[in-house]
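Student: For the sequence shown, the residue numbers in the UniProt record's numbering are 1 to 217. All C-beta atoms, glycine included, are put in the ideal place defined by N, C-alpha and C. Predicted model only: the values in this text are computed from it and were never measured.
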Amino acid sequence: MRKDVRVWFSKTGTARYISHLDLNRCMSRAFHKAKLPLWYTEGFNPHVFLTFAAPLSLGFEGRHESMDIRLIEDMPYPELIEKLNAGLPHDIRVWAVTEPEMKGNDVANAEYILRLECEDPAFEKSEMQRVLAEPELTVKKHSKKGEKIVDIKPYFENMAFEEKPNCLEMTVRLPAGNQGGINPTLFVDAAERVLNRELLVRVERTRLFDSAFREFK
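1) What first and last residue would you give for the alpha helix (DSSP H) that runs through ARG25?
2) Between LEU127 and LEU195, what straight-line distance do the alpha-carbon atoms span, to the nearest angstrom?
3) Where are the beta strand (DSSP E) runs, 3 residues long or more, that stay fully inside the stretch 165-210, in chain order?
4) Am I right that ARG173 and ASN109 are in contact with their C-beta atoms under 8 Å? What's the rounded C-beta distance?
5) Please state if the CB of LEU168 and the CB of ALA54 are separated by a distance shorter than 8 Å.
6) Pop quiz: ARG214 and PRO100 are said to be a contact at Cβ under 8 Å. What is the actual Cβ separation, rounded to whole angstroms?
7) Bridge partners for MET67 per DSSP, in chain order?
8) Would you say the stretch 80-93 touches the stretch 16-36, given that touching needs at least three Cβ pairs under 8 Å?
9) For LEU186, I'd like the list of residues in its chain whose CB is within less than 6 Å of its CB, leaving aside the five on either flank, ordered along the chain.
10) List the residues that DSSP assigns as beta-bridge partners of LYS148.
11) To the nearest angstrom, how far is it from the Cα of residue 225 to the Cα of LYS164?
12) Please list, in chain order, all residues of the same chain as PHE9 whose beta carbon is under 7 Å from its beta carbon, the five residues on each side excluded.
13) Among ILE69, GLY59, LEU23, PRO121, whose alpha-carbon lies nearest the alpha-carbon of LEU36?
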């Protein structure tokens, strides 16, 4: 038998500095240690069949990340979770295993929380609103086709703000996935330029969606 399953995990703390390539290696080692009944690719260099939906950018935290694997025999999901976590770093935790309801390439949007560390969240909220009141917010956007100037203001106009102790939380949904996306740090770059000062911001990706904003499952 072959059965595809979706493994859900969080990647927080120091693990946000683990690159996607190293994450792939980390997961492969954990699978090897756990001795799970996995399907391996064929050929001269067989390796675990493992695919990620919309890889997380370096430096970002994620609490709702997923990867797909293929089992060659049934296994209780709680046991799979326990064995995987035993071989993973503390800041990477598997918290659920499900059967895929969508394909990885269905991902088209993502939700992010940008946490701006500050002493006066109310003041910073007014500052961010001042940034969004600019006629346009142009930044350099890098892609496989090269570099181009883009006005990112339309993507951030519906950003929601919440004042927390020593922190301003900014929540926004942006294009993501294989068709190209908007990195939330582009707004930070634009805000620093408008305000002429450095901002200390941590980014967390909270959820993924398809093109109709149905939550990725």
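Tutor: According to the data block:
1) Working through the sequence shown from its first residue, we reach residue 25 at position 25. Taken as a continuous stretch (DSSP letters only), the alpha helix (DSSP H) holding ARG25 covers 20-34.
2) Taking the first residue of the sequence shown as 1, we reach residue 127 at position 127. Taking the first residue of the sequence shown as 1, we reach residue 195 at position 195. The sequence given here places Glu at residue 127; Leu does not occur at that position. Each residue's Cα considered, the two are about 8 Å apart.
3) Whole beta strand (DSSP E) segments, 3+ residues: 167-175, 201-209.
4) Position 173 of the sequence shown, counted from the first residue, corresponds to residue 173. Position 109 of the sequence shown, counted from the first residue, corresponds to residue 109. For a cut-off of 8 Å, the C-beta gap from ARG173 to ASN109 is around 6 Å, short enough to register as a contact.
5) Walking along the sequence shown from the start, residue 54 turns up at place 54. Walking along the sequence shown from the start, residue 168 turns up at place 168. No; because the gap between Cβ atoms is not below 8 Å, this pair is not in contact.
6) As a position in the sequence shown, residue 214 is number 214, starting the count at 1. As a position in the sequence shown, residue 100 is number 100, starting the count at 1. That pair is no contact at about 14 Å.
7) Mapped onto the sequence shown, residue 67 falls at position 67. DSSP output for MET67 lists VAL7, PHE52 as bridge partner(s).
8) Counting C-beta pairs with one atom in each stretch, the stretch 80-93 and the stretch 16-36 have three or more that are closer than 8 Å, which means they touch.
9) Along the sequence shown, one-based indexing puts residue 186 at 186. Within the same chain, Cβ atoms closer than 6 Å to the Cβ of LEU186 are found at VAL139, ILE152, the five residues on either side in sequence being excluded.
10) Position 148 of the sequence shown, counted from the first residue, corresponds to residue 148. According to DSSP, LYS148 bridges with LYS141.
11) The chain is shown from 1 up to 217; residue 225 falls before or after that span and cannot be answered.
12) As a working mapping, residue 9 is identified with position 9 in the sequence shown. Cβ neighbours of PHE9 within its own chain (closer than 7 Å, five residues either side excluded): GLU65, ILE92, ARG93, VAL94, TRP95.
13) By one-based count along the sequence shown, residue 36 stands at place 36. Nearest to LEU36 by alpha-carbon distance, out of ILE69, GLY59, LEU23, PRO121, is ILE69.
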